[in-house]
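Quick note: the sequence shown, position 33, residue 162 per the numbering used here, numbers continuous. Built from N, CA and C at the ideal position, the CB exists for glycine as well.
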Amino acid sequence: MPRFGVAGNPPAFFESAYGRDRLNAPRWLAEIGLDAIEVQCTRGVRMSSERAAAYRAVAADCGIEVSIHGPYFISLGNPDPAVGENSLRELQKCVSLAKALGARRIVFHPGSAGNEPRAALERAIALLMRFERECDLDGIWLCPEITGKRRQLGSLADVLAIAREIRSARPCLDLAHHHARTGGSLNSQQDVADVLDAVEAAIGVGALSECHYHFYPIEWGPGGEVRHRAFDDIMSEGGCALWPPASCELFAPRPEPFIAELVRRGLRPLVICEAKDSQERGATIMKQLWREMRGVVGVDY
Numbered sequence: 130m131p132r133f134g135v136a137g138n139p140p141a142f143f144e145s146a147y148g149r150d151r152l153n154a155p156r157w158l159a160e161i162g163l164d165a166i167e168v169q170c171t172r173g174v175r176m177s178s179e180r181a182a183a184y185r186a187v188a189a190d191c192g193i194e195v196s197i198h199g200p201y202f203i204s205l206g207n208p209d210p211a212v213g214e215n216s217l218r219e220l221q222k223c224v225s226l227a228k229a230l231g232a233r234r235i236v237f238h239p240g241s242a243g244n245e246p247r248a249a250l251e252r253a254i255a256l257l258m259r260f261e262r263e264c265d266l267d268g269i270w271l272c273p274e275i276t277g278k279r280r281q282l283g284s285l286a287d288v289l290a291i292a293r294e295i296r297s298a299r300p301c302l303d304l305a306h307h308h309a310r311t312g313g314s315l316n317s318q319q320d321v322a323d324v325l326d327a328v329e330a331a332i333g334v335g336a337l338s339e340c341h342y343h344f345y346p347i348e349w350g351p352g353g354e355v356r357h358r359a360f361d362d363i364m365s366e367g368g369c370a371l372w373p374p375a376s377c378e379l380f381a382p383r384p385e386p387f388i389a390e391l392v393r394r395g396l397r398p399l400v401i402c403e404a405k406d407s408q409e410r411g412a413t414i415m416k417q418l419w420r421e422m423r424g425v426v427g428v429d430y
């Protein structure tokens with residue numbers, strides 16, 4: 130079955146009996162019935178090799194799949210060569226940590242598109258080609274993420290272009306970010322199918338289960354992402370979407386069409402929830418939906 134898990138450690142972890150030590154996160158996840166964690170290195174790769182080895186042992190014992198999210202300051206499309214070199218150094222740190230953790234996926238934001246998005250994409254691809262040649266990835270997937278802001282490098286087309294050129298790359302399909310930067314485009318099962326069809330056409334059917342998935346509701350505006358939302362956040366006064374005016378009660382995208390399409394295609398990917406301060410609740414909802422929908426594959430959402 131798919132694996133469902135959390136990005137980082139939600140508030141509920143720290144409120145639990147396990148919360149005094151992040152090393153206990155896999156134990157907590159196993160206890161609540163989840164299967165995966167995306168370790169957050171967004172402010173830099175700081176975990177020691179000793180700590181990583183201990184974390185790996187606990188995760189393996191608990192049956193938790195580990196992935197990592199690289200630093201936000203990776204910026205592969207930047208025209209400054211020094212920024213590009215620093216970005217590759219940070220990616221190398223991520224690879225070293227991934228090996229120590231037993232992680233098979235490294236998620237990262239490609240960076241700013243600047244005023245020349247095509248040139249930025251070409252620079253990013255060139256740097257990743259070099260990185261792939263020079264770095265022993267040992268089966269680790271590099272996962273460029275669909276980003277939430279329209280001025281960022283990281284549209285669906287961008288991450289597919291990277292994956293076509295880089296053999297060790299598979300997209301991080303952040304469907305909430307895609308929803309935000311495309312003006313709220315994921316509202317039905319067919320909308321989800323269209324995204325997955327595009328991935329399939331670009332890099333092959335088998336790649337769909339190798340991709341890394343992020344899913345959660347999001348608030349968005351004219352420039353794309355505003356903030357992550359919880360699955361039960363209501364679009365009401367003081368909490369409504371900035372644009373367009375609220376037309377439904379709960380923030381989108383909703384999990385039912387997404388999970389229904391996973392079931393229809395027989396996919397068993399890794400799905401990470403980034404719902405605001407409630408990652409474990411969102412992941413649990415999606416896992417339960419998957420279990421329920423296996424018996425009603427013909428129902429469209």
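Residue span of the beta strand (DSSP E) that contains Arg234, given as start and end: Arg234 to Phe237
DSSP three-state assignment for Leu226, whether helix, strand or coil: helix
Residue closest to Ala232, alpha-carbon to alpha-carbon, out of Asp209, Asp267, Ser216 and Gly240: Asp267
Residue closest to Glu409, alpha-carbon to alpha-carbon, out of Asp150, Arg149, Pro155 and Met130: Pro155
Pairwise C-alpha distance: Pro239 and Ala183: 30 Å
Cβ-Cβ distance between His306 and Gly277 below 8 Å: yes
DSSP-derived helix/strand/coil call for Cys191: helix
Residues near Glu219 by beta carbon distance below 6 Å, same chain, minus five either side: Pro200 and Ile203
DSSP state of His136 mapped onto helix, strand, coil: Before going further, note that residue 136 is Ala rather than His in the sequence given. If DSSP states are grouped into helix, strand and coil, Ala136 belongs with the strands.
At least 3 beta-carbon pairs within less than 8 Å: the segment 144 to 164 vs the segment 178 to 196: yes
Through-space distance from Arg234 to Ile269, alpha-carbon basis: 6 Å
Close-in-space but distant-in-sequence residues of the same chain around Pro374 (CB under 6 Å, 5 per side omitted): Residue placement at Pro374 cannot be trusted, given a pLDDT of 48 that sits under 50; the coordinates are not used to answer.
Close beta carbons around Leu379, own chain, < 8 Å, minus the five adjacent residues each side: Pro346, Phe360, Asp361, Asp362, Ile363 and Met364
Beta strand (DSSP E) runs wholly inside the segment 277 to 343, at least 3 long, in chain order: 301 to 303
Per-residue DSSP class, three states only, for Ala375: Any reading at Ala375 must be qualified, since the residue scores a pLDDT of 47, below 50, and its modelled position is unreliable; the value itself is stated next. Here Ala375 sits in coil by DSSP.
Reduced DSSP secondary structure (H/G/I, E/B, other) of Ala165: strand
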